[in-house]
Amino acid sequence: MKKIAIIHGEPYSINSEIIYKSWLKFKLGNKKKIFIIGSKKILDAQFRKLKINVKLNQLNADLILKKGKMNILDIDINFKNPFILNLSEKRNYILNSINKAHELAIKRKIVGFVNCPINKEIFKKKIGVTEYLANKNKSRNKEVMLIYNKLFSVSPITTHINIKDVFKKLNSQKIMKKVETINKFYTQKFKKKARIGILGLNPHNDEMRINSFERKILIPLVTKLNKRGLKIHGPLSVDNVFLKNKIEYDVVVGMYHDQVLGPFKAINKFDGINVTLGLKYLRISPDHGTASELILKKKANANSLINCINFF
354 MKKIAIIHGE
364 PYSINSEIIY
374 KSWLKFKLGN
384 KKKIFIIGSK
394 KILDAQFRKL
404 KINVKLNQLN
414 ADLILKKGKM
424 NILDIDINFK
434 NPFILNLSEK
444 RNYILNSINK
454 AHELAIKRKI
464 VGFVNCPINK
474 EIFKKKIGVT
484 EYLANKNKSR
494 NKEVMLIYNK
504 LFSVSPITTH
514 INIKDVFKKL
524 NSQKIMKKVE
534 TINKFYTQKF
544 KKKARIGILG
554 LNPHNDEMRI
564 NSFERKILIP
574 LVTKLNKRGL
584 KIHGPLSVDN
594 VFLKNKIEYD
604 VVVGMYHDQV
614 LGPFKAINKF
624 DGINVTLGLK
634 YLRISPDHGT
644 ASELILKKKA
654 NANSLINCIN
664 FF
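In the working numbering, the protein residues as written are 354 to 665.
Quick look at the structure:
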């Protein structure tokens with residue numbers, strides 16, 4: 354049976370709560386193949402604080418899951434407070450957990466993994482889990498962030514960088530590779546060519562001026578991709594693509610992070626998941642943050658984590 358790991362992630366967060374709420378709603382078939390990667394001590398303490406009565410079964414290296422139990426592969430770290438770890442403790446805990454999941458996926462002991470939200474301050478450079486795993490897979494600049502929903506999905510060409518640096522990071526080759534990766538994923542996963550809309554970089558596509566990015570880079574790129582048999586439209590103007598009930602594409606590709614993630618979340622709320630394409634395995638995460646303001650309030654929404662597991 355193909356196993357799936359859930360990385361506990363940020364300790365000061367709603368993650369323990371959404372893991373438990375998800376567990377209650379997982380189908381029996383999923384429960385048989387899911388286990389957690391994280392600290393048993395932290396989850397035990399946080400479950401007690403949340404008044405959740407569940408016993409964690411600690412796994413050995415053989416990963417033999419105990420039927421009907423919430424299984425955990427323990428990441429043992431020293432800490433004083435199970436809710437508030439210092440930055441060094443958090444960095445060790447989260448990265449050790451991610452590294453273990455990566456190792457198991459590379460060895461084909463798991464089909465892939467879901468990482469619960471983290472605080473990106475653990476990374477010394479301005480990156481996220483997407484870029485971190487791309488480095489570990491030796492596929493940097495080939496990775497694709499796909500925020501998926503059945504209604505429509507979005508993908509930014511550049512991810513966790515400042516707006517002032519976006520233009521310098523864009524080129525025809527990078528955009529082409531990422532669009533082709535998206536199309537390949539849809540062909541393999543959903544057995545169809547994706548209808549992909551590509552947004553321009555500038556407001557109103559810079560009126561399609563002769564020297565504009567849209568006219569010099571995107572129009573020739575769209576023509577080339579369509580000649581290769583893909584279904585590409587663009588460059589599109591962002592101000593009318595996301596009108597409700599008028600989204601005509603499986604995937605809308607933007608030039609930078611918030612160009613597409615902001616509209617996506619405004620329309621789909623919690624009903625989205627973050628899928629990393631271009632790795633040697635499937636990595637997914639809920640499309641929301643750590644929500645530290647909701648800790649211990651039992652108000653956290655677990656839908657995105659449930660959708661992550663159901664996507665496998």
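Idealized CB from N, CA, C, for every residue including glycine.
Keep in mind the model is a prediction, meaning the values are calculated, not measured.
In DSSP terms, what residue i is bridged to
i: L426; result: I390
i: M608; result: Note: M608 sits in no beta bridge, so no partner.
i: Q399; result: DSSP lists no partner for Q399.
i: V628; result: L499 and I637
i: I551; result: V606
i: I600; result: DSSP lists no partner for I600.
i: N564; result: Answer by DSSP bridge pairing: none, since N564 is not bridged.
Residue span of the alpha helix (DSSP H) that contains residue i, given as start and end
i: N656; result: N656 to F664
i: K443; result: L440 to I459
For residue i, the first and last residue of its enclosing beta strand (DSSP E)
i: I500; result: V497 to Y501
i: P509; result: S506 to P509
i: T483; result: Segment V482 to K489 is the alpha helix (DSSP H) holding T483; no beta strand (DSSP E) there.
i: I572; result: Looking at the DSSP string, I572 is not in any beta strand (DSSP E); the run it does join, the alpha helix (DSSP H), is I572 to K580.
i: L589; result: K584 to L589
i: N468; result: G465 to N468
i: N472; result: Segment: none, N472 is in no beta strand (DSSP E) and carries neither H nor E.
For residue i, three-class secondary structure by DSSP
i: V532; result: helix
i: I372; result: helix
i: V519; result: coil
i: A358; result: strand
i: H513; result: coil
i: I620; result: helix
i: L381; result: helix
i: N410; result: strand
i: K537; result: helix
i: N558; result: helix
i: L432; result: Checking the displayed sequence, the identity of residue 432 turns out to be Phe instead of Leu. F432 falls in the coil class under three-state DSSP.
i: G615; result: helix
Supposed close pair residue i, residue j - CB separation, criterion 8 Å
i: S375; j: I662; result: 7 Å
i: L499; j: V407; result: Wrong, their Cβ atoms sit about 32 Å apart, outside the cutoff.
i: V482; j: I451; result: 7 Å
i: S369; j: L412; result: Actually they do not touch by this definition, with Cβ atoms about 18 Å apart.
i: V340; j: K531; result: Residue 340 cannot be examined here, being either before or after the span of the chain that is shown, 354 to 665.
Could you tell me whether the stretch 549-556 touches the stretch 581-600, using the rule of 3 or more Cβ pairs below 8 Å?
-> Yes, the stretch 549-556 touches the stretch 581-600.
For the 8 Å Cβ check, are there 3 or more pairs between the stretch 355-366 and the stretch 445-456?
-> Put simply, the stretch 355-366 touches the stretch 445-456. At least three CB pairs are less than 8 Å apart.
Pairing CB atoms from the stretch 619-635 with CB atoms from the stretch 650-665, are three or more of them under 8 Å?
-> They touch, by the three-pair rule.
Should the stretch 557-572 be called in touch with the stretch 613-627, which here means at least 3 C-beta pairs below 8 Å?
-> The answer is no - the stretch 613-627 does not touch the stretch 557-572, with fewer than three Cβ pairs under 8 Å.
Specify whether the stretch 485-502 and the stretch 573-583 touch according to this definition: at least 3 beta carbon pairs, one from each stretch, less than 8 Å apart.
-> Counting C-beta pairs closer than 8 Å gives fewer than three between the stretch 485-502 and the stretch 573-583, which falls short of the contact rule.
Would you be able to state if there are at least three C-beta pairs under 8 Å between the stretch 509-523 and the stretch 595-614?
-> Contact between the stretch 595-614 and the stretch 509-523 is present: 3 or more CB-CB pairs across the two stretches fall below 8 Å.
Mind the definition here: the stretch 414-433 touches the stretch 374-389 only if three or more C-beta pairs lie below 8 Å; say whether that holds.
-> The answer is yes - the stretch 374-389 touches the stretch 414-433, with three or more Cβ pairs under 8 Å.
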